[in-house]
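> Sharing a structure, written as structure tokens. Questions coming.
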Amino acid sequence: MTGSLLLHALSLNDRVLEPNRLPIAGRVWAYSKEGCSREMFVGNCISLLSLLGVDNARINWKDDIMAFDVSFQAKPATVIISLRDDSLASEYFYFLGIWICPQSDAPERAGHIAMIDTIYPGEDEELLKPVLSYGVTVWDRPLQLSEIRKLIRSEVLGQRMYQDSFYLCGQTAVESIPTGRFVICPTTPAMQHGRFEIRHALYSLRNLMALMGWSMHRYELLQKDKAPVNLYRQLMDLLSHVQQKDIRTEQWDDLVSEHARIALQGASDAMVYAGYQHEMRGVGRLFDAIVGELDVSDMKGAGSLLTRLRIPFQHLGDELEEHVNMIGRTEKQARIIQPFMHSRMLAGQQVLLQKIIENTEKGVSKQ
2 MTGSLLLHAL
12 SLNDRVLEPN
22 RLPIAGRVWA
32 YSKEGCSREM
42 FVGNCISLLS
52 LLGVDNARIN
62 WKDDIMAFDV
72 SFQAKPATVI
82 ISLRDDSLAS
92 EYFYFLGIWI
102 CPQSDAPERA
112 GHIAMIDTIY
122 PGEDEELLKP
132 VLSYGVTVWD
142 RPLQLSEIRK
152 LIRSEVLGQR
162 MYQDSFYLCG
172 QTAVESIPTG
182 RFVICPTTPA
192 MQHGRFEIRH
202 ALYSLRNLMA
212 LMGWSMHRYE
222 LLQKDKAPVN
232 LYRQLMDLLS
242 HVQQKDIRTE
252 QWDDLVSEHA
262 RIALQGASDA
272 MVYAGYQHEM
282 RGVGRLFDAI
292 VGELDVSDMK
302 GAGSLLTRLR
312 IPFQHLGDEL
322 EEHVNMIGRT
332 EKQARIIQPF
342 MHSRMLAGQQ
352 VLLQKIIENT
362 EKGVSKQ
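Taking our numbering, the leading residue of the sequence shown gets 2, the next gets one more, and so forth.
Take a look at the structure:
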């Protein structure tokens with residue numbers, strides 16, 4: 002290979018994604034660390050690159066970040082594999098990225114002929130399915146909204162960055178996984194394309210997408226989590242048993258034990274969901290901190306891209322609140338049922354005692 006498309010990572014603190022020349026286009030996939038091991042992910046990268054015809058990949062199983070130049074479809078490309086870096090997003094995801102230089106000066110043509118939308122690793126049964134994927138193109142001159150729209154192939158959402166020096170435009174969607182298409186370009190033709198700003202923008206975009214993907218993944222898990230509803234139903238089943246007229250003395254032990262189990266499970270679940278809320282607030286603050294570092298402002302003629310990226314956090318917050326409220330209602334009703342059970346047990350004991358006294362008196366009168 003002659004000339005790398007990206008500066009290569011030298012340490013964990015390197016941002017990696019710094020183009021040596023523009024324009025450049027790439028696609029990034031994120032894989033959940035909860036769903037696969039380090040070895041599974043690296044093996045998946047080898048399989049995917051081989052499937053794409055990239056047979057000169059240089060994989061070192063001991064490296065946390067791998068960056069190397071390859072030939073992809075007879076054109077130079079750079080592959081970035083990140084198993085661990087200095088971002089919080091790296092606590093949750095492995096990342097794989099492939100970067101090329103578009104072979105056309107026309108953005109709309111480059112968007113169609115570049116590999117940015119031609120690789121779908123989740124469709125192959127032998128490959129791991131990523132949890133999110135996005136493509137991004139960094140252009141070397143200002144683009145009109147009409148050009149960006151053709152490149153993104155949808156309506157444009159966007160922001161200005163770095164004191165109005167750059168545009169960040171794009172669109173996100175939820176297909177089989179969360180996806181996105183983005184364009185970064187300067188706002189004026191005369192400006193110098195600062196390497197730091199582009200590097201930081203690419204790094205920040207990766208982490209914003211990853212954190213958004215994290216919130217969507219947590220939201221999907223919570224939607225499938227029926228534990229609070231099931232616990233409430235168990236409490237209602239217990240109440241229906243407690244309300245029966247004839248309860249044998251030996252049954253009360255089982256009913257009391259079931260009440261205690263439900264109460265303890267509710268307290269345990271409440272702590273779990275409180276932990277989720279704490280984690281969500283931390284991730285949300287990080288998301289806002291990244292946005293703050295980008296020094297963003299509104300872009301005329303386009304809706305807010307960052308508002309779109311924040312939506313999953315709102316849905317996650319609502320779902321978490323519903324789970325917490327359901328547990329709270331269960332705990333409240335469990336506290337109400339406890340004295341009711343106690344009163345019924347005392348009443349049952351009184352009835353039993355009265356029967357014993359009556360039988361004793363009958364026995365004495367017969368004598």
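Every residue gets a Cβ at the ideal spot worked out from N, C-alpha and C, and that includes glycine. As the structure is a prediction and not an experimental result, all values here were calculated from the model.
If you drop the 5 nearest sequence neighbours on each side, which residues of the same chain put their C-beta closer than 7 Å to that of Thr361?
Correct list: empty, nothing qualifies.
> What are the uninterrupted segments assigned as alpha helix (DSSP H) that are 4 or more residues long and contained completely in the region 233-317, given in chain order?
Within the region 233-317, the complete alpha helix (DSSP H) runs of at least 4 residues are 252-295.
> Using 8 Å as the cut-off, can you tell me whether the region 126-145 makes contact with the region 276-289, which would need three or more C-beta pairs spanning the two stretches below that distance?
As far as the Cβ criterion goes, the region 126-145 does not touch the region 276-289, which means the pair count is below three.
> Answer with buried or exposed for Trp62, where buried requires no fewer than 16 other C-beta atoms within 10 angstroms of its C-beta.
With fewer than 16 other Cβ atoms within 10 Å, it is exposed.
> Let me confirm a value: Ile185 is counted as buried when at least 16 other C-beta atoms fall within 10 Å, else exposed. Which label applies?
Buried.
> Classify Leu11 as helix, strand or coil using the three-state DSSP reduction.
For Leu11, the pLDDT reaches just 44, beneath the cut-off of 50, and the residue's location in the model is therefore unreliable, although a value from the coordinates is still provided. Of the three classes helix, strand and coil, the one that applies to Leu11 here is coil, per DSSP.
> From Gln315 to Thr308, what distance separates their C-alpha atoms?
When rounded, the distance between both Cα atoms is 10 Å.
> How about Ser166 and Trp30: are their beta carbons less than 8 Å apart?
Contact: no.
> Using the DSSP secondary-structure output, state which residues sit across from Ala174 in a beta bridge.
Answer is Thr180, bridged to Ala174.
> Identify which residue in Phe42, Ser51, Met300 has its Cα closest to the Cα of Asp64.
The shortest C-alpha separation from Asp64 is found at Phe42.
> By alpha-carbon positions, which one of Leu265, Ser88, Arg330, Ser38 ends up nearest to Tyr204?
Closest option to Tyr204, Cα to Cα, is Ser88.
> Determine the DSSP secondary structure at Val43, reduced to helix, strand or coil.
Val43: helix per DSSP, three-state reduction.
> Closer than 7 Å by C-beta to Glu320: which residues in its own chain qualify, once you throw out the five before and the five after it? Chain order, please.
Once the five neighbours on either side are set aside, the close Cβ partners of Glu320 are Tyr220, Leu223, Gln224.
> Secondary structure at Gln160, three-state DSSP: helix, strand or coil?
Gln160: strand per DSSP, three-state reduction.
> Quick check on Glu322: buried or exposed, where buried means 16 or more other Cβ atoms within 10 Å of its Cβ?
By the neighbour-count rule (16 or more Cβ atoms within 10 Å), Glu322 is not buried but exposed.
> Under the DSSP definition of a beta bridge, which residues are partnered with Arg213?
Position check: residue 213 holds Met in this sequence, whereas Arg was assumed. According to DSSP, which records beta bridges pairwise, Met213 is partnered with nothing at all.
> Nearest to Ser153 by CA position, among Met162, Gln164, Gln160, Cys170, is which residue?
First, the amino acid is wrong: residue 153 is Ile here, not Ser. Out of Met162, Gln164, Gln160, Cys170, Cys170 has the C-alpha closest to the C-alpha of Ile153.
> Pull up the DSSP beta-bridge partners for Ala78, would you.
According to DSSP, Ala78 bridges with Val71, Ile101.
> Going straight from the alpha carbon of Gln235 to that of Leu317, what length do you get?
In a straight line, the C-alpha of Gln235 is about 26 Å away from that of Leu317.
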